[in-house]
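**Q** My questions all concern the structure below.
Residue numbers (my numbering): 2 to 129.
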C-alpha cells in the first residue's frame with residue numbers, strides 16, 4: 002500500500018518546551034536539535050535513528066487537564082533502573098502500587114515533569 006506520507010515528528014504540546022526537551026533528551030539519550038522562536042516556541046530533539054521520527058515540544062498557553070490521548074511507550078531492559086533514572090530527572094511513577102501485565106507485555110505508567118503519561122514496557126513478547 003502506498004503511504005500518504007511518513008511520520009516525521011511526534012509533537013507534544015506543553016507550557017514549557019525547553020523543560021520537557023531537557024527531560025526527554027536525557028530519557029531518550031539524544032541531543033536537543035534546535036529551537037524556534039524567542040522564547041522557544043518549538044524545541045526539537047535528534048531522532049534516535051535516521052529512520053525514526055523526531056520528538057518535538059510546542060509551547061501552548063493551556064495546561065494539560067485530562068489523560069493523554071496519545072502517549073509514548075519506551076522499551077526498557079530493567080524497569081526499576083529506568084524508573085529510578087526517570088525520577089532523578091524529574092519524572093514520576095503514576096501508580097506506585099502496581100504495574101500492568103496484559104497480552105504478554107508488562108508495563109509501568111510514568112509521567113514527565115508536566116504530567117504527560119508514558120509507559121515503560123518490559124519483559125514482554127506478544128502472545129501468539
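We put the beta carbon where it would ideally sit given N, CA and C, even for glycine.
1) Looking only at DSSP bridge pairs, what is residue 123 linked to?
2) For residue 69, count neighbouring Cβ atoms within 10 angstroms of its own Cβ and tell me buried if that reaches 16, exposed if not.
3) Following the continuous alpha helix (DSSP H) through residue 80, name the residue where it begins and the one where it ends.
4) Can you tell which of 33, 15 and 121 has its C-alpha closest to the C-alpha of residue 55?
5) Nearest-angstrom Cα distance between residue 124 and residue 107?
6) Spatial neighbours of residue 74 within its chain, please: CB distance less than 6 Å, with the 5 preceding and 5 following residues excluded, ordered by chain position.
7) What are the boundary residues of the alpha helix (DSSP H) that residue 29 is part of?
8) Let me know the secondary structure DSSP gives residue 112 once reduced to three states.
9) What residues are listed by DSSP as bridge partners for residue 154?
10) Using a Cβ-Cβ cutoff of less than 7 Å, which residues in the same chain neighbour residue 10 once the five nearest sequence positions on both sides are dropped?
11) Considering residue 36, what are the terminal residues of the beta strand (DSSP E) in which it resides?
**A** Short version:
1) Residue 123 pairs with 107.
2) With a 10 Å radius around the Cβ and a threshold of 16 neighbouring Cβ atoms, residue 69 comes out exposed.
3) Its alpha helix (DSSP H) spans residues 80-89.
4) It is 33 whose Cα lies nearest to the Cα of residue 55.
5) Cα atoms of residue 124 and residue 107: separation of roughly 6 Å, rounded to the nearest angstrom.
6) Same-chain partners within the cutoff: 120 and 122.
7) 18-29 is the span of the alpha helix (DSSP H), which, as asked, contains residue 29.
8) DSSP places residue 112 in strand when its eight states are reduced to three.
9) Here the chain comprises residues numbered 2 to 129, so residue 154 is not present and cannot be evaluated.
10) 54, 55 and 57, listed in sequence order.
11) For residue 36, the enclosing beta strand (DSSP E) covers residues 33-37.
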